[in-house]
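Numbering (the UniProt record's numbering), first residue to last: 1 to 382.
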């Protein structure tokens, strides 16, 4: 069944402007965006006076893996600092109530990642927020390999008197296992070794299909990540990047995506001492591809859009802010061919707001995922 959204203000993430147009949805794709579309077979959604955006994207979350209640953590397998074959999809509860909450705010796509208790943490997945099973939600179960530097692996393993208990060991383990992964990739590529399920996740990393997703807060950890990974010529993202502004030229020159967040939380560990919202603004001004991320549940994803609005009070433009939850994360996680903007041929992931999403008094009226209305606000009359 097709749907036709009429008379709305369609937002262009590239120009930051609105235009009065209609959006025709056929099955799960956007078929046409134009003025005065006529399709007698389509269900009409009257969006007169409303703003139409691409579905929002959170590119770093543990939603469904790590709940807000006690004993709800399935994101960390902290018995071995090297677990590349742990998969986020195997620890994900697709019926976590938080999915409904983020859908209400307009989130349609999320990258779910293992936690950062290990050095080599496992495989991140990209999912849609709709659906009751992993199969219904899944876009890519091997979307990135999570790696962690800094306090988290160190604090986990120093307690049990096991390596790594220092940043030296963490960096060494990271480099050693990337060398091991590269060797396995080259042998497998030439059919010179049997399949090893614990090493298979390195194949999409070294053939360029999946980036490394590197947890790093402190400036020296950011620089360590860049130095080690650059030696392998791999794609990667710098996740959290809390002190990125202190080494801003170094971060910019990598030309790799940066995922900043969680913000507006207490400085819970020493490596967050220099956390500031200005980091987001400074790195954006440097020309970095910035995604604003929740790290849910540490910052609840349902508040992410409104929290981003607070950054505009510090000088971040509306256009750049909206990019950070749409096209920027889409590019960072390699789904910009199907998400992140309202364009013909892309997935019909659409949200309709009654105003500026970044303002506290506005509300989402409708969320559409894969062409299906999965949320409708009771105040939306159409």
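C-beta: ideal position from N, C-alpha, C; glycine also. A quick note: this is a predicted structure, and the numbers were derived from the prediction, not measured.
Along the chain, where does the beta strand (DSSP E) containing residue i start, and where does it finish?
| i | result |
| --- | --- |
| residue 143 | 138 to 148 |
| residue 94 | Taken as a continuous stretch (DSSP letters only), residue 94 belongs to no beta strand (DSSP E), as it is neither H nor E. |
| residue 330 | Counting along the chain, residue 330 falls outside any beta strand (DSSP E), though it belongs to the alpha helix (DSSP H) covering 327 to 332. |
| residue 58 | 56 to 61 |
| residue 252 | Looking at the DSSP string, residue 252 is not in any beta strand (DSSP E); the run it does join, the alpha helix (DSSP H), is 248 to 254. |
| residue 31 | 29 to 34 |
From the options, pick the residue whose C-alpha is nearest to that of residue i; which is it?
| i | options | result |
| --- | --- | --- |
| residue 344 | 18, 26, 17 | 26 |
| residue 322 | 347, 251, 335, 307 | 307 |
| residue 364 | 378, 136, 370 | 378 |
| residue 16 | 333, 366, 320, 230 | 320 |
| residue 123 | 137, 223, 141 | 141 |
| residue 312 | 146, 238, 120, 277 | 277 |
| residue 183 | 317, 232, 109 | 232 |
| residue 168 | 150, 161, 180 | 150 |
| residue 42 | 173, 23, 60, 256 | 23 |
| residue 254 | 380, 234, 335 | 234 |
| residue 91 | 112, 145, 330 | 112 |
| residue 327 | 197, 108, 133 | 108 |
| residue 100 | 376, 380, 381, 382 | 376 |
| residue 170 | 144, 187, 207, 228 | 228 |
| residue 144 | 372, 57, 332 | 332 |
Considering only the beta carbon of each residue, do residue i and residue j sit closer than 7 Å?
| i | j | result |
| --- | --- | --- |
| residue 53 | residue 351 | yes |
| residue 260 | residue 241 | yes |
| residue 130 | residue 293 | no |
| residue 201 | residue 84 | yes |
| residue 245 | residue 284 | no |
| residue 258 | residue 238 | yes |
| residue 248 | residue 290 | no |
| residue 354 | residue 362 | yes |
| residue 9 | residue 51 | yes |
| residue 349 | residue 55 | yes |
In the DSSP assignment, find the unbroken alpha helix (DSSP H) run with residue i in it and report its ends.
| i | result |
| --- | --- |
| residue 204 | 202 to 206 |
| residue 168 | 167 to 189 |
| residue 311 | 304 to 312 |
State the beta-bridge partners of residue i as determined by DSSP.
| i | result |
| --- | --- |
| residue 6 | 46 |
| residue 292 | 260 |
Is the CB of residue i under 7 Å away from at least one CB in chain B?
| i | result |
| --- | --- |
| residue 145 | Among the protein chains of the structure shown there is no chain B, as only one such chain exists. |
Three or more beta-carbon pairs under 8 Å between the region 113 to 122 and the region 350 to 365, yes or no?
-> The region 113 to 122 makes no contact with the region 350 to 365, as fewer than three CB pairs between them are under 8 Å.
Are the region 215 to 225 and the region 186 to 193 in contact at 8 Å, needing three or more beta carbon pairs?
-> By the criterion of at least three beta-carbon pairs nearer than 8 Å, the region 215 to 225 is not in contact with the region 186 to 193.
Touching by the beta-carbon criterion (3+ pairs, under 8 Å), the region 59 to 68 and the region 289 to 307 = yes
Are the region 333 to 347 and the region 30 to 41 in contact at 8 Å, needing three or more beta carbon pairs?
-> yes
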